[in-house]
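Contents: one structure, followed by commentary.
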Ligand SMILES: [Zn+2]
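Numbering (this note's numbering), first residue to last: 2 to 406.
Structural data, given as structure tokens:
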């Protein structure tokens, strides 16, 4: 058994998904033989309550020049980050503001600061994504955020009012070094704000597809509080977010520097009630995951036996966990339609289902579409009226496996 990446104590085993390919490793046919697989195992630390991967993938295998996630391709996310940026500007900036973003992607959030001429630095390890940001005029460094690079940023730009990160903190297994960097870079009144999938939602909704190689941690307010306390920080606020299928925004400051919102205590009391600090809760989750797999396979087998066509909707990183864990390949799913050009013409990691442009879906509607982009589900189902009118139905698997009627 391994030791906790946060507190160093023993981690209890929760679930094994088996060997998985790189979740975002969409690949051409001539790369099939070279594809790498890693065990995907989840553990829970009874000491600090952190849910985490217990075997890690080399970060260079995940975030490199082939990295295919450009955040700005989603209009809904562009809106979300714009709102986020202006909320930060109004709430947390001093008169001489400086904002650092960890995992700034293609500049989806920082572009709002650039537009307002606010001093900013983005830290983005994927060179091709960082380059896309620079072309938009966003100051971006291609490196990983850790203690050493935080000190370099401080030496060049000074201390930060805000260090922000969305869907990135959970990606960083060396989180202790990240937090060391944060504490050395923040102004005395500065805040660290980050947003990641919330383990309370994952457990409640059995959304196990949030679990994949990039996500080393599955945070709760309780576990983040423990981590903060180890670095002289505290959670001053926690705001549930309705994106990515249930996320939490955490706001941390130096201990005693700012008031702590009542919400923090309330959410932690709810976490206690939900059992997020108990191993048995995660063991029950593991049983629900196994049941979800069985239900999905039963449904797909029945539809195929009836001769139905099934197409995947959204070649997400999340889909890699579902497809490989359930063993769903091209015999069930004809292709997956996706609007991201870099994925089109390639195949899904591990199960090698072809990824085709959205037009392939529209030009010849299947009878069923398995919705992998379920976190945008409401928006998608509302927009796909022509598919529905043609008799098409969506298959959903979060909360429970079902056909959307
Ligand atoms: Zn721990």
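Quick reminder that beta carbons are idealized off the backbone N, C-alpha and C, glycines included. Remember, it's a predicted structure, so these values are computed and weren't measured experimentally.
On the CB-based measure, 16 or more other CB atoms within 10 Å of its CB, does residue i come out buried or exposed?
i: residue 1; result: Absent from the structure is residue 1, since the part of the chain shown begins at 2 and ends at 406.
i: residue 99; result: buried
i: residue 87; result: exposed
i: residue 321; result: buried
i: residue 48; result: exposed
i: residue 392; result: exposed
i: residue 250; result: buried
i: residue 190; result: exposed
i: residue 401; result: exposed
i: residue 365; result: exposed
i: residue 342; result: exposed
i: residue 32; result: exposed
i: residue 230; result: exposed
i: residue 34; result: exposed
i: residue 202; result: buried
i: residue 156; result: exposed
i: residue 20; result: exposed
i: residue 58; result: buried
i: residue 386; result: exposed
i: residue 299; result: exposed
Just how far apart, CA to CA, sit residue i and residue j?
i: residue 197; j: residue 171; result: 7 Å
i: residue 292; j: residue 183; result: 41 Å
i: residue 22; j: residue 378; result: 25 Å
i: residue 301; j: residue 275; result: 32 Å
i: residue 359; j: residue 403; result: 23 Å
i: residue 169; j: residue 104; result: 6 Å
i: residue 282; j: residue 288; result: 10 Å
i: residue 272; j: residue 397; result: 27 Å
i: residue 130; j: residue 164; result: 20 Å
i: residue 26; j: residue 173; result: 18 Å
i: residue 263; j: residue 236; result: 11 Å
i: residue 95; j: residue 243; result: 28 Å
i: residue 238; j: residue 261; result: 6 Å
i: residue 395; j: residue 258; result: 49 Å
i: residue 294; j: residue 326; result: 8 Å
i: residue 319; j: residue 84; result: 25 Å
i: residue 422; j: residue 204; result: Because the chain spans 2 through 406 in this model, residue 422 falls outside it and cannot be assessed.
i: residue 304; j: residue 269; result: 43 Å
i: residue 247; j: residue 297; result: 22 Å
i: residue 79; j: residue 340; result: 16 Å
i: residue 9; j: residue 46; result: 9 Å
i: residue 76; j: residue 134; result: 17 Å
i: residue 209; j: residue 228; result: 24 Å
i: residue 30; j: residue 344; result: 13 Å
i: residue 93; j: residue 162; result: 7 Å
i: residue 408; j: residue 151; result: Outside the displayed range of the chain (2 to 406) lies residue 408, so it cannot be described from this structure.
i: residue 5; j: residue 361; result: 45 Å
i: residue 372; j: residue 315; result: 7 Å
i: residue 389; j: residue 370; result: 10 Å
i: residue 307; j: residue 290; result: 26 Å
In terms of alpha-carbon separation, which member of the options lies closest to residue i?
i: residue 207; options: 284, 235 and 163; result: 284
i: residue 13; options: 31, 44, 372 and 28; result: 44
i: residue 256; options: 15, 385 and 234; result: 234
i: residue 42; options: 76, 3 and 304; result: 3
i: residue 232; options: 179, 199 and 299; result: 179
i: residue 211; options: 53, 340, 387 and 134; result: 53
i: residue 137; options: 154, 146, 112 and 128; result: 112
i: residue 124; options: 116, 5, 297 and 166; result: 166
i: residue 91; options: 77, 114 and 144; result: 114
i: residue 351; options: 331, 306 and 56; result: 331
i: residue 158; options: 213, 107, 128 and 97; result: 97
i: residue 267; options: 346, 353 and 240; result: 240
So residue i and residue j are in contact, right, with Cβ under 8 Å, and what is the actual spacing, rounded?
i: residue 194; j: residue 119; result: With 8 Å as the limit, residue 194 and residue 119 do not qualify as a contact, their Cβ atoms being about 15 Å apart.
i: residue 355; j: residue 310; result: With a Cβ gap of about 14 Å, residue 355 and residue 310 do not count as contacting.
i: residue 277; j: residue 226; result: With 8 Å as the limit, residue 277 and residue 226 do not qualify as a contact, their Cβ atoms being about 12 Å apart.
i: residue 122; j: residue 101; result: 5 Å
i: residue 51; j: residue 15; result: The Cβ separation is near 12 Å, so there is no contact.
i: residue 382; j: residue 405; result: 6 Å
i: residue 1; j: residue 142; result: A question about residue 1 goes unanswered here, because the residues of the chain that appear run from 2 up to 406.
i: residue 24; j: residue 335; result: Rounded, the Cβ-Cβ distance is 22 Å, inconsistent with contact.
i: residue 220; j: residue 192; result: Actually they are not in contact, since the Cβ atoms of residue 220 and residue 192 sit about 17 Å apart, beyond 8 Å.
i: residue 348; j: residue 28; result: 6 Å
i: residue 145; j: residue 109; result: In fact, because the Cβ distance is near 19 Å, the residues do not count as touching under 8 Å.
Is the Cβ of residue i closer than 8 Å to any Cβ of chain D?
i: residue 284; result: Absent from the structure: chain D. Only one protein chain is present.
Q: Jot down the residue ranges of each uninterrupted alpha helix (DSSP H) in the segment 260-314, minimum 4 residues, whole runs only, in chain order.
A: 263-275 and 280-306
Q: Tell me the start and end of each unbroken beta strand (DSSP E) in the segment 146-208 that is at least 3 residues and wholly inside, in chain order.
A: Taking only runs of at least 3 residues, the beta strand (DSSP E) segments lying wholly in the segment 146-208 are 161-167 and 187-198.
Q | Ordered list of beta strand (DSSP E) runs contained in the segment 86-138, each at least 3 residues | A | 99-103 and 120-124
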